[in-house]
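Colleague: Following this message is one structure expressed as structure tokens.
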Amino acid sequence: MKFFVDTADTKDIADLAATGLIDGVTTNPSLIAKSGRPFAEVIAEICSLTDGPVSAEVVATDADGMIKEGKTLAKIAENVAVKLPLTWDGLKACRTLADEGIPVNVTLCFSANQALLAAKAGAAFISPFIGRLDDIHLDGMELIQEIRQIYDNYMFETEILAASIRSPNHVKLSALAGADVMTAPPSVIRSLVNHPLTDKGLEIFLADAKKAGIKV
Ligand code: E4P
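Shown next, in the form of structure tokens:
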């Protein structure tokens, strides 16, 4: 499973990239706004911190505007993936950009039929939003399972990018459901390593080593 980090905070991205565990980055307009930095500048810096795809989202809502913005974003760096919303105009723009060799991440996916449309439109990634479905008492994980089955039935190459991941359990369940990629905030990625028995076990091993005077 590929790990993308969902943030526009370049310090966090650099810190996590140093672990070698990060395969790409996703951003959205809310995350860019939170960074307080100019859009193109922050995307360029993020692209220099990873070789993997960096999703940068358009703000136009009509197909022509999205295509224009998508081409502008794709010029920032070779590893930009243009993020488009799952609307008819987004799907039209997706087909055009994909045909020109620009990878597209179709975002704000909340149903299996939407994911089917995105795959047919040539999306490189589909982003089902797990947490936001859970927020309204629907089963985000069931959506990942449905998309996995549909894409496998028809051998679509669109990668399932589990998004709006809010907890370590979301990561585990997405992996079990066969998502190709998950994107999560830095805090969730860092928390994956935690287990109280690991901490307790290490404490005991180190105390015993100290008592026995073990040196390596
Ligand atoms: C993914 O591309 C989105 O930026 C993100 O996962 C949204 O997460 P949220 O629902 O926690 O805001």
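Quick note on numbering: our numbering labels position 129 of the sequence shown as 151, and the sequence is numbered without any gaps.
Think of the CB as a built atom: it goes at the ideal place given N, C-alpha and C, for glycine as much as any other residue.
#1: Throw me the rounded Cβ distance for the Ser196 and Ile152 pair, which I believe falls under 8 angstroms.
#2: Work out the CA separation of Val215 and Leu228 for me, nearest whole Å.
#3: Considering only DSSP beta bridges, list what Pro107 is partnered with.
#4: Report buried or exposed for Glu181, applying the criterion of at least 16 other Cβ atoms within 10 angstroms of its Cβ.
#5: So is the beta-carbon of Ser133 under 6 angstroms away from any non-hydrogen atom of ligand 1?
#6: Closest to Val81 by CA distance: which of Thr49, Ala36, Leu43 and Asp45 is it?
#7: Scan the segment 49-98 and note each continuous beta strand (DSSP E) run of 3 residues or more that stays entirely inside, going in chain order.
#8: Can you tell me the Cα-Cα spacing of Thr94 and Phe25, whole angstroms?
#9: In three-state terms, what does DSSP make of Pro207?
#10: For Met177, count neighbouring Cβ atoms within 10 angstroms of its own Cβ and tell me buried if that reaches 16, exposed if not.
#11: How should Gly46 be labelled, buried or exposed, when 16 other C-beta atoms within 10 angstroms of its C-beta is the threshold for buried?
#12: Which first and last residues belong to the beta strand (DSSP E) in which Asp28 is found?
#13: Could you check the C-alpha separation between Asp161 and Ile124 for me, to the nearest Å?
#14: Shortest alpha-carbon distance to Arg59 belongs to which of Ile44, Ala85, Ala184 and Thr29?
#15: Using alpha carbons as the reference points, say which of Phe61, Met23, Glu67 and Leu71 lies closest to Ala40.
#16: Could you work out which residue in Cys69, Pro107 and Leu53 is closest to Lys97 when comparing CA atoms only?
#17: Is there at least one non-hydrogen atom of ligand 1 closer than 6 angstroms to the beta-carbon of Arg154?
#18: Going by alpha carbons, who is nearest to Val76 out of Ser57, Ala55 and Ala99?
#19: Figure out for me which residue from His217, Arg117 and Ala103 has the closest Cα to the Cα of Asp86.
Modeller: Looking at the coordinates:
#1: Against the sequence shown, residue 196 aligns to sequence position 174. Against the sequence shown, residue 152 aligns to sequence position 130. Indeed, because the Cβ distance is near 7 angstroms, the residues count as touching under 8 angstroms.
#2: What you label residue 228 is simply residue 206 of the sequence shown in a count that begins at 1. What you label residue 215 is simply residue 193 of the sequence shown in a count that begins at 1. The straight-line gap from Cα to Cα measures roughly 19 angstroms.
#3: As a position in the sequence shown, residue 107 is number 85, starting the count at 1. Answer by DSSP bridge pairing, in chain order: Thr129.
#4: Translated into positions along the sequence shown, residue 181 becomes position 159. Under this definition Glu181 is a buried residue.
#5: Position 111 of the sequence shown holds residue 133. False, no ligand heavy atom lies under 6 angstroms from that Cβ.
#6: Residue 81 sits at position 59 when you count from the first residue of the sequence shown. Nearest C-alpha to Val81: Thr49.
#7: 76-79
#8: Position 72 of the sequence shown, counted from the start, is the residue given in the question as residue 94. Position 3 of the sequence shown, counted from the start, is the residue given in the question as residue 25. If you take the alpha carbons of Thr94 and Phe25, they lie about 26 angstroms apart.
#9: Mapped onto the sequence shown, residue 207 falls at position 185. Of the three classes helix, strand and coil, the one that applies to Pro207 here is coil, per DSSP.
#10: Taking the sequence shown and counting its residues from 1, the one referred to as residue 177 is at position 155. The residue is exposed, with fewer than 16 neighbouring Cβ atoms inside 10 Å.
#11: Residue 46 sits at position 24 when you count from the first residue of the sequence shown. It is buried - the Cβ of Gly46 has at least 16 other Cβ atoms within 10 Å.
#12: The residue you call residue 28 lines up with position 6 of the sequence shown. Unbroken beta strand (DSSP E) run through Asp28: Lys24 to Asp28.
#13: What you label residue 161 is simply residue 139 of the sequence shown in a count that begins at 1. What you label residue 124 is simply residue 102 of the sequence shown in a count that begins at 1. Each residue's Cα considered, the two are about 32 angstroms apart.
#14: As a first step, residue 59 must be located in the sequence shown, where it is residue number 37. Among Ile44, Ala85, Ala184 and Thr29, the Cα nearest to that of Arg59 is on Thr29.
#15: Looking up residue 40 in the sequence shown gives position 18. Closest option to Ala40, Cα to Cα, is Leu71.
#16: As a first step, residue 97 is located in the sequence shown; it is residue number 75 there, counting from the start. Of the listed residues, the one whose Cα sits closest to Lys97 is Cys69.
#17: The residue labelled residue 154 in the question sits at position 132 within the sequence shown. Because some heavy atom of ligand 1 lies under 6 angstroms away, the Cβ of Arg154 counts as near it: yes.
#18: Reading the sequence shown from its first residue, position 54 is the one you call residue 76. Cα-wise, what sits closest to Val76 is Ala99.
#19: Translated into the one-based positions of the sequence shown, residue 86 becomes position 64. Checking every option, the nearest Cα to that of Asp86 belongs to Arg117.
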